[in-house]
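>
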Amino acid sequence: MAWDRVTPTTIANCFAKCGFFRSSEEVPSEQEEPIEGWELLDAGCTAEDFCTADDNLATCGARTVEDIVEEATCEVADSSDDGDNIDEGDGEGPPPAAETLHALDVLRRAMAADEISDDTCTRFYGFKEVC
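Mapped onto full-length UniProt numbering, the consecutive letters of the sequence shown carry residue numbers 1 to 131.
Printed below as a string of structure tokens:
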């Protein structure tokens with residue numbers, strides 16, 4: 001794969017060009033100022049507790065790769081059922097992209113379960129990049 005040939009120096013240079021630099025200086029901590037009038041609210045908690053109450057709140061559900069593939073497959077199936085297919089043809093056409101990616105994922109899992117040579121894996125991932 002092409003990413004295997006990218007050196008850490010190249011990555012560091014890309015970040016440097018974008019303005020990211022590693023700094024040895026410590027960032028001075030901000031002194032917290034008390035919130036005026038907080039004690040008048042009778043909120044039953046501190047201002048800090050109030051401000052950080054939802055820090056660990058999940059804002060979206062965790063999705064698995066299978067969920068994403070299933071959703072993509074359904075969208076492709078829905079779009080092909082519209083009846084707008086110009087070339088119905090008498091043979092099978094190419095499979096939808098989602099189906100192709102699912103097949104490649106099955107092959108990847110099969111290769112991971114067996115002891116496949118590194119050369120074969122490299123060729124497989126090179127093929128997958130084309131898709």
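Beta carbons: idealized from backbone N, C-alpha and C, even for Gly.
#1: Locate the alpha helix (DSSP H) running through ARG109, then write down its first and last residues.
#2: May I ask whether a heavy atom of the ligand ATP can be found less than 8 Å away from the beta carbon of GLU71?
#3: Would you kindly check if the distance between the Cβ of ALA58 and the Cβ of ALA97 is under 9 Å?
#4: May I have the straight-line CA-CA distance separating THR7 from PRO94, to the nearest angstrom?
#5: Any idea what DSSP makes of CYS121, helix, strand or coil?
#6: Hey, quick one: how far does the alpha helix (DSSP H) through GLU26 stretch, first residue to last?
#7: Quick check: the stretch 97–106 against the stretch 63–70, are at least 3 beta-carbon pairs closer than 8 Å?
#8: Is it the case that the Cβ atoms of PHE124 and ARG109 are separated by a distance below 9 Å?
Judging by the given coordinates:
#1: Numbered from its first residue, the sequence shown carries residue 109 at position 109. ARG109 -> alpha helix (DSSP H) spans 97–113.
#2: With respect to small molecules bound, the structure shown includes none, and the ligand ATP cannot be examined in it.
#3: Taking the sequence shown and counting its residues from 1, the one referred to as residue 97 is at position 97. Taking the sequence shown and counting its residues from 1, the one referred to as residue 58 is at position 58. Not in contact: ALA97 and ALA58 (Cβ atoms no closer than 9 Å).
#4: The residue labelled residue 7 in the question sits at position 7 within the sequence shown. The residue labelled residue 94 in the question sits at position 94 within the sequence shown. Rounded to the nearest angstrom, the two C-alpha atoms are 37 Å apart.
#5: Position 121 of the sequence shown, counted from the first residue, corresponds to residue 121. Helix, per DSSP.
#6: Against the sequence shown, residue 26 aligns to sequence position 26. It is not in any alpha helix (DSSP H) - GLU26 carries neither H nor E in the DSSP assignment.
#7: yes
#8: The residue given as residue 124 occupies position 124 in the sequence shown. The residue given as residue 109 occupies position 109 in the sequence shown. No, they are not a contact pair.
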